[in-house]
Structures are given as C-alpha cells and as structure tokens.
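Worksheet: one structure, shown below.
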Amino acid sequence: MNLRYLGYACINTSLEKTTNKTFRLKNLNYDKYYETVSYNLKSLEDIIRWNRENNINFFRIGSEVIPLASHKQFNFDWENDFKKEMNFLKKLADETNMRFTMHPGQYTVLNSQRMEVVKTAVDEIEYHARFLDKIHPDKGKIVIHTGGVYGDKEKAKKDFIKNFELLSPLAKKMLILENDDKSFDVFDVLEISEKINIPVVFDILHHICNTPCQKPYQNLEEIIEKVVKTWKGDIPVFHLSSRKSNKGCPHTDYIRKTDFRKFISILKKIPVHSQYDIMVEAKMKEKAVIELMKNEQFFN
DNA sequence: GGCCGTCAAGACGAT
DNA sequence: ATCGTCTTGACGGCC
C-alpha cells in the first residue's frame, strides 16, 4: 500500500485558527452561538484554503464546530441558519479535494450502562453525521472509541453492537471504530467491525500502549491487512502519533522520523493494491505534517 | 494581557 | 472516596 494524504486535527497553528471555538453553557444565547459558529466556519474555510496552498488534503474538523449542538438546552436551527456557509464549504471542499473526518470526545459512550448516556452519545453522533453530510456527503467519517468495559468486556462489546442499531442509516454509514490505548484493542474492534460492518481505524500508538506482551510489532502486517479489509475498497485512515514518554500516551510536538518511517515501511508491505491516508496527531499540527512531507520518497 | 480554575459530558486507574 | 488523566484544550473571571 502507498501513502496518499497526511492530515492534521482541528487547529492550524500557522494561521492560529481553530474550528473549535466554543463558549460556556451559561453563555448560550443566539448572539454568542451565531458569532462562534460564524467564526468556526470561517476558520474552516481559511484552513481549507491554507491546506490547498500547502498540498494538504486531509483534515479533522473539531467537534465543537457547532458548540453544544447536541446539548438538550441547545435549540438553534444551525442547519438552516448556516445553510449558505455550509453549501459554500461543500463546494470549496470538492474543488480542493479535501478529506474530512470528525472525532467526538471521550464523553461519547455508545455502550454505556446508563441509558441517558447512550442517548446523549447517539445525539452527539447524529449531530456529527448531519454536519459532515452537509459539507462532505458520502465521504465524511466519524471516528469513535468503543467506550467502557464495566467489568465485562464481552458484554460491553455486545452493548456497543446493540446500541449501534439506535443510529440513523446516515450515521451508521459514517461511523468508524478506533482501537484505544487501554480497553478495546485492535482485536476487539475488528471483532465488533465484523458484526456491524464498519471500518476500523488503526492507531499505532494506542496499539503499542495496549499490547501487554511488549511485542506490539508482532504480526502487525497480518493485523493491518485485516484492518484494511474492513474498509471494503474505501481508502483506509490510520492514526499516527509519537509518545512523549514511556508512560501513558501523551503526544509529542512533532512525529519522530523513526516512528513515521517504521510505520510507513510496514504499510508498504501490505499486499493490498490501495492507497491510505494518515491522520497525524501531534501538537504542532500542520507543522508536523509539513515536516513529514519532506520525506518525499514515501509518497507515490 | 497573562494566569489558572473551570468547563456539558464518562470511564478508569492510581492514590 | 477522590483525584488525575485521557484530549480537539478553550473559556473567562481575576489579577
């Protein structure tokens, strides 16, 4: 497999723009909402243009692009209020060949034991789906983690599979499942993926953190080949980051070249005739991507 | 203008 | 039982 796009998440540090400007619940009112969403959508536009100038075609849009959109106290009709802006962004995204993903936060727990938490998770995912559908129809993907274990991982997986059915057809089509650093490893998410037919996002650092045998690279090609099959011909997304220390998973400012090269060379060996995209998770965001793009030999 | 406690929200492991 | 951490870190009251 060959590398196609490298992307970054939510913030452009060169432009000092974010799609994640938000406000406190107590400040929720029409003016604040209108002002903040306008800013976020304008930032997204500026970031897309910047990406085009810099040959970056992959971007994760911040979940707070419409702040508090799924909150029960939020009653504004953002889809209507920002129709014009969203249509414009759709056109711009098409013209510039951007690929977008979104990634709801850790509070989105689809397999929770508490029904009200499941409901807010569904609402949150549906909001992401509607947003992405407006500017990136048939292409947008929503990355989530499996959720909590609650002392019984097998049951927790079944609950995820069961609650997946609560989503709309649109959201189901967009959802992709990422292995996490503590609870649900790549084997768990592959198992879930097989049952409900959604693609797996493989995060190499989470895999390393979540591989107790200290041999995370063992059988890695075999694992990744299975992951790629879950995409059913669509171009897979991988997550890449470097860890700051040996403990936990905090990210570095830039990706270590050795981490990048090691990962790329493994993917190179996967015997599937396909390209793939990498979401780079590093504090210096687009600057980390630009650094990696200097390794031209890895692009085809 | 910079600092830092807090923020809509959940789960988990360390203490 | 409580705290810190995970992360897309950002807000905003206080100095």
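In terms of my numbering, the first sequence opens at residue 9 and continues consecutively. Ideal Cβ positions, reconstructed from N, Cα and C, are used throughout, including at glycine. If you're wondering where the values come from, they're calculated on a predicted model, not measured in any experiment.
Quick one: residues in its chain with C-beta nearer than 6 angstroms to the C-beta of V125, no 5 flanking neighbours on either side, listed in chain order?
Taking the first sequence and counting its residues from 1, one reaches residue 125 at position 117. Excluding sequence neighbours, V125 sits near V117.
In this structure, what does DSSP give as the bridge partners for T26?
Indexing the first sequence from 1 puts residue 26 at position 18. DSSP, once it has assigned bridges, lists I19 as partnering T26.
In its own chain, which residues sit with a C-beta less than 7 angstroms from the C-beta of F90, not counting the 5 before and 5 after it?
As a position in the first sequence, residue 90 is number 82, starting the count at 1. Closer than 7 angstroms at the Cβ level, and outside the excluded window around F90, lie V45, L49.
According to DSSP, is Y135 part of a helix, a strand, or is it coil?
Against the first sequence, residue 135 aligns to sequence position 127. Helix at Y135.
Under the three-state reduction of DSSP, which class applies to I310: helix, strand or coil?
A query on residue 310 cannot be resolved here, the shown segment of the chain reaching from 9 to 308 and no further.
Classification of F195 by the beta-carbon crowding that lies within 10 angstroms, buried from 16 upward:
Counting from 1 along the first sequence, the entry for residue 195 is found at position 187. F195 comes out exposed.
Please report how far the alpha carbon of S120 lies from the alpha carbon of I19, in whole angstroms.
Indexing the first sequence from 1 puts residue 120 at position 112. Indexing the first sequence from 1 puts residue 19 at position 11. So the two alpha carbons sit approximately 30 angstroms from each other.
Is the CB-CB distance between I232 and F210 below 8 angstroms?
In the first sequence, residue 232 corresponds to position 224, counting from 1. In the first sequence, residue 210 corresponds to position 202, counting from 1. Yes; because the gap between Cβ atoms is below 8 angstroms, this pair is in contact.
Among N187, I243, E132, whose alpha-carbon lies nearest the alpha-carbon of A77?
Here residue 77 refers to the residue found at position 69 when the first sequence is read from its first residue. Ranked by how close their Cα comes to the Cα of A77, the residues N187, I243, E132 have E132 in first place.
From the DSSP output, which residues share a beta bridge with T109?
The residue you call residue 109 lines up with position 101 of the first sequence. DSSP, once it has assigned bridges, lists R68, K149 as partnering T109.
Can you tell which of F66, Y42, R60, I200 has its C-alpha closest to the C-alpha of N88?
On the first sequence, residue 88 is found 80 positions in, with the first residue counted as 1. Measuring from the Cα of N88, the nearest candidate turns out to be Y42.
Based on Cα-Cα distance, which residue from T109, T219, K163, T26 lies nearest to K181?
By one-based count along the first sequence, residue 181 stands at place 173. Ranking T109, T219, K163, T26 by Cα distance to K181 puts T109 first.
Cβ-based burial, K149 [other Cβ within 10 Å; buried from 16]
Translated into positions along the first sequence, residue 149 becomes position 141. Classification for K149: buried.
Report all residues from its chain with a CB closer than 8 angstroms to the CB of K161; omit the five preceding and five following residues, and keep chain order.
Start at 1 with the first residue of the first sequence, and residue 161 comes out as number 153. Same-chain partners within the cutoff: S191, F192, D196.
Extent of the continuous beta strand (DSSP E) to which D211 belongs:
Position 203 of the first sequence, counted from the start, is the residue given in the question as residue 211. Run containing D211: 208-211, per the beta strand (DSSP E) assignment.
Start and end residues, alpha helix (DSSP H) containing E230:
Here residue 230 corresponds to residue number 222 of the first sequence, with the count starting at 1. First-last of the alpha helix (DSSP H) with E230: 228-237.
Please confirm whether N37 and Q283 have their CB atoms less than 8 angstroms apart.
Working through the first sequence from its first residue, we reach residue 37 at position 29. Working through the first sequence from its first residue, we reach residue 283 at position 275. Result no, Cβ atoms of N37 and Q283 do not sit closer than 8 angstroms.
Answer yes if the stretch 78-87 comes into contact with the stretch 51-66, meaning at least three C-beta pairs across the two stretches below 8 angstroms, and no otherwise.
no
Below 8 angstroms CB to CB, which residues in the same chain sit around V236 once its five sequence neighbours on both sides are set aside?
Residue 236 sits at position 228 when you count from the first residue of the first sequence. Excluding sequence neighbours, V236 sits near M9, P244, I278, V280, S282, Y284.
Figure out for me which residue from I200, E72, L228, A290 has the closest Cα to the Cα of S273.
One-based indexing of the first sequence puts residue 273 at position 265. Nearest C-alpha to S273: L228.
Neighbour-count burial assignment, C217, 16 or more Cβ in a 10 Å radius:
For the purposes of this step, residue 217 is taken as residue 209 along the first sequence, with counting starting at 1. By the 16-neighbour rule on beta-carbons within 10 angstroms, C217 is buried.
Neighbour-count burial assignment, N83, 16 or more Cβ in a 10 Å radius:
Residue 83 sits at position 75 when you count from the first residue of the first sequence. In summary, N83 is exposed, with fewer than 16 beta-carbon neighbours lying within 10 Å of its beta-carbon over all protein chains present.
Using the C-alpha atoms, what's the distance from R60 back to V157?
Locating residue 157 in the first sequence gives position 149, counting from the first residue. Locating residue 60 in the first sequence gives position 52, counting from the first residue. Cα-Cα distance, rounded: 41 angstroms.
So the alpha helix (DSSP H) V6 belongs to, where does it begin and stop?
Nothing in the structure corresponds to residue 6, since the chain is present only between 9 and 308.
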